[in-house]
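Count along the sequence shown from 1, then add 1; that gives the number in my numbering.
See structure below.
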Amino acid sequence: MDSKQWMRVRELFESALDQPEAEQVPFVENSSEPAEIIAEAKALLESSRHNLDAFEPPTPALNFGPGPEPLDISKGTRIGQYTVEARIGTGGMADVYVATQ
């Protein structure tokens with residue numbers, strides 16, 4: 002099925018959801034769409050009874066505000082029994098350092 006056909010399935014499905022529940026399947030079955038579109042829309046109706054957010058956009062990322070201030074770790078900084086030699090990488094959620102004990 003191409004994207005235009007999926008759009009037609011979605012439109013038929015969403016129009017059916019606007020009908021009273023008892024009339025949704027007959028509404029789809031009586032549409033003038035091809036059998037393939039009708040079958041997919043009916044399958045979505047059945048699925049939607051179990052999963053009401055089939056076409057809902059994903060939940061947006063939560064914003065917890067700014068993180069802690071970055072630490073100023075340079076060569077020679079002591080952390081416990083370790084002495085920082087160099088930062089060897091940065092990314093994601095951390096900086097990576099090489100240190101000697």
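By construction, the Cβ of each residue, glycine as well, lies at the ideal position given by its N, Cα and C atoms.
Quick caveat, the model's predicted, so the values are computed rather than measured.
Residue i versus residue j - alpha carbon distance
i: residue 38; j: residue 28; result: 13 Å
i: residue 2; j: residue 33; result: 18 Å
i: residue 10; j: residue 48; result: 14 Å
i: residue 19; j: residue 12; result: 11 Å
Supposed close pair residue i, residue j - CB separation, criterion 8 Å
i: residue 14; j: residue 36; result: No, residue 14 and residue 36 are not in contact; Cβ-Cβ is about 15 Å, not under 8 Å.
i: residue 90; j: residue 84; result: Actually they do not touch by this definition, with Cβ atoms about 18 Å apart.
i: residue 97; j: residue 86; result: That pair is no contact at about 12 Å.
CA nearest to the CA of residue i, picked from the options
i: residue 16; options: 71, 31, 4 and 2; result: 31
i: residue 6; options: 23, 40, 22 and 21; result: 40
Contacting residues, own chain, Cβ-Cβ under 7 Å from residue i (five flanking each side not counted)
i: residue 46; result: 14, 17, 25, 26 and 29
i: residue 102; result: 82 and 83
Extent of the continuous alpha helix (DSSP H) run through residue i
i: residue 9; result: 4 to 18
i: residue 86; result: Premise fails: residue 86 lies in the beta strand (DSSP E), 83 to 92, not in any alpha helix (DSSP H).
i: residue 70; result: Residue 70 -> no alpha helix (DSSP H), and no H or E assigned at all.
i: residue 46; result: 36 to 49
i: residue 27; result: 22 to 30
Endpoints, beta strand (DSSP E) assigned at residue i
i: residue 101; result: 95 to 101
Close Cβ partners of residue i (< 8 Å) along its chain, the five nearest in sequence each way excluded
i: residue 80; result: 74 and 100
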